[in-house]
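To start, the structure under review is shown below, and the notes come after it.
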Amino acid sequence: AQSVTQPDIHITVSEGASLELRCNYSYGATPYLFWYVQSPGQGLQLLLKYFSGDTLVQGIKGFEAEFKRSQSSFNLRKPSVHWSDAAEYFCAVGNNDMRFGAGTRLTVKP
Amino acid sequence: DAGITQSPRYKITETGRQVTLMCHQTWSHSYMFWYRQDLGHGLRLIYYSAAADITDKGEVPDGYVVSRSKTENFPLTLESATRSQTSVYFCATSQAGSGNEQFFGPGTRLTVL
Numbered sequence: 134a135q136s137v138t139q140p141d142i143h144i145t146v147s148e149g150a151s152l153e154l155r156c157n158y159s160y161g162a163t164p165y166l167f168w169y170v171q172s173p174g175q176g177l178q179l180l181l182k183y184f185s186g187d188t189l190v191q192g193i194k195g196f197e198a199e200f201k202r203s204q205s206s207f208n209l210r211k212p213s214v215h216w217s218d219a220a221e222y223f224c225a226v227g228n229n230d231m232r233f234g235a236g237t238r239l240t241v242k243p
Numbered sequence: 027d028a029g030i031t032q033s034p035r036y037k038i039t040e041t042g043r044q045v046t047l048m049c050h051q052t053w054s055h056s057y058m059f060w061y062r063q064d065l066g067h068g069l070r071l072i073y074y075s076a077a078a079d080i081t082d083k084g085e086v087p088d089g090y091v092v093s094r095s096k097t098e099n100f101p102l103t104l105e106s107a108t109r110s111q112t113s114v115y116f117c118a119t120s121q122a123g124s125g126n127e128q129f130f131g132p133g134t135r136l137t138v139l
């Protein structure tokens, strides 16, 4: 069965510091992988997605993610975090029957 | 262009009552989805629809009923609400399935007393 694990429930980083959010998945075939962001009281917005090809994917707002098949991982990164990046981040895998991770809440310190 | 609207945005009901949450889209996207969001679980898919009159179960369909007579509407009905159905419900759409971006509505916060 497909599943997604986000090991970090909450992460705090200082503004300007780098960020990496972890995502591990279990899926029977080559997966479609996604990262979404949710600001408080809002719906989800797509940051980036991976289907095939180059394993380093660029997204909006300066985010990128790297697909590593050998590790079943799809970690999200940003070189320099801005205060406006504070939000909840969700990794997701699948086709129509999408599975989301439990989310990682990001706090940005001034 | 409203995109996706959900109504009501907030709802309080009692155990055993029937509740219908509405989702309306103006994009004519083929696929529509219903999720529930609970702390510690992220989003879980309840039902989805590939087109009018075509629906499929997701991860947590029990206790819910959906219909899709028109492309633009995808109502979710709780036939007999239970406290465990207290949650935030999100509707989403996508142009096509198989990994296309899903666009999410603002959510409906449902409380079952």
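Sequences listed follow chains C and E, in order.
In the working numbering, each residue's number is its place in the first sequence (first place is 1) plus 133.
In the working numbering, each residue's number is its place in the second sequence (first place is 1) plus 26.
Ideal placement from N, C-alpha and C gives every residue a C-beta, glycine not left out.
Residue i: contacting residues in chain E (beta-carbon distance under 8 Å)
| i | result |
| --- | --- |
| L154 (chain C) | Within chain E, no residue comes near L154 (chain C); the closest Cβ sits about 13 Å away, beyond 8 Å. |
Same chain only: Cβ atoms within 7 Å of residue i, ignoring 5 sequence neighbours per side
| i | result |
| --- | --- |
| S159 (chain C) | Q135, S136 and S205 |
| H55 (chain E) | T119, S120 and Q121 |
| D64 (chain E) | S113 |
Proximity below 7 Å, CB of residue i to CB of residue j
| i | j | result |
| --- | --- | --- |
| L141 (chain E) | Y57 (chain E) | Because chain E is modelled from 27 through 139, residue 141 (chain E) falls outside the range shown and cannot be assessed. |
| D141 (chain C) | G84 (chain E) | no |
| G66 (chain E) | A225 (chain C) | no |
| F130 (chain E) | A122 (chain E) | no |
| Q175 (chain C) | E221 (chain C) | no |
N- and C-terminal bounds of the beta strand (DSSP E) containing residue i
| i | result |
| --- | --- |
| N208 (chain C) | S206 to K211 |
| H143 (chain C) | H143 to S147 |
| M58 (chain E) | Y57 to D64 |
| K182 (chain C) | L177 to Y183 |
| E199 (chain C) | E197 to K201 |
| S136 (chain C) | S136 to T138 |
Own chain, CB closer than 8 Å to residue i, minus 5 neighbours either side, in chain order
| i | result |
| --- | --- |
| T240 (chain C) | H143, I144, T145, V146 and A219 |
| Y73 (chain E) | F59, W60, T81, D82, K83, G84, P87, Y90, V92 and L102 |
Beta-carbon contacts of residue i that lie in its chain and below 6 Å, excluding the five residues immediately before and after
| i | result |
| --- | --- |
| F200 (chain C) | Y183, T188 and F207 |
| G42 (chain E) | S106 |
8 Å contact criterion, which residue i and residue j should meet: CB distance rounded
| i | j | result |
| --- | --- | --- |
| V138 (chain E) | R109 (chain E) | 5 Å |
| E127 (chain E) | H50 (chain E) | The Cβ separation is near 19 Å, so there is no contact. |
| I193 (chain C) | L180 (chain C) | 6 Å |
| L152 (chain C) | V190 (chain C) | Incorrect: roughly 16 Å between the Cβ atoms, too far for contact. |
Listed by chain order, chain C residues near residue i by CB distance under 8 Å
| i | result |
| --- | --- |
| E98 (chain E) | Neighbours of E98 (chain E) on chain C: none; closest Cβ ~18 Å, over 8 Å. |
| L102 (chain E) | Simply none; closest approach about 15 Å. |
Interface partners of residue i on chain E, CB under 7 Å
| i | result |
| --- | --- |
| G186 (chain C) | In chain order: nothing, as chain E lies at least about 13 Å away. |
Contact list for residue i against chain E, beta-carbon separation under 9 Å
| i | result |
| --- | --- |
| Q204 (chain C) | Near Q204 (chain C) there are no residues of chain E at all, since even the closest Cβ is about 21 Å away, more than 9 Å. |
Interface residues of chain C facing residue i [CB-CB closer than 9 Å]
| i | result |
| --- | --- |
| P34 (chain E) | Correct list: empty, because the minimum Cβ distance to chain C is about 15 Å. |
| Y57 (chain E) | N229 |
| E127 (chain E) | F167, L179 and K182 |
Under 7 Å by beta carbon: chain C residues contacting residue i
| i | result |
| --- | --- |
| H67 (chain E) | A235 |
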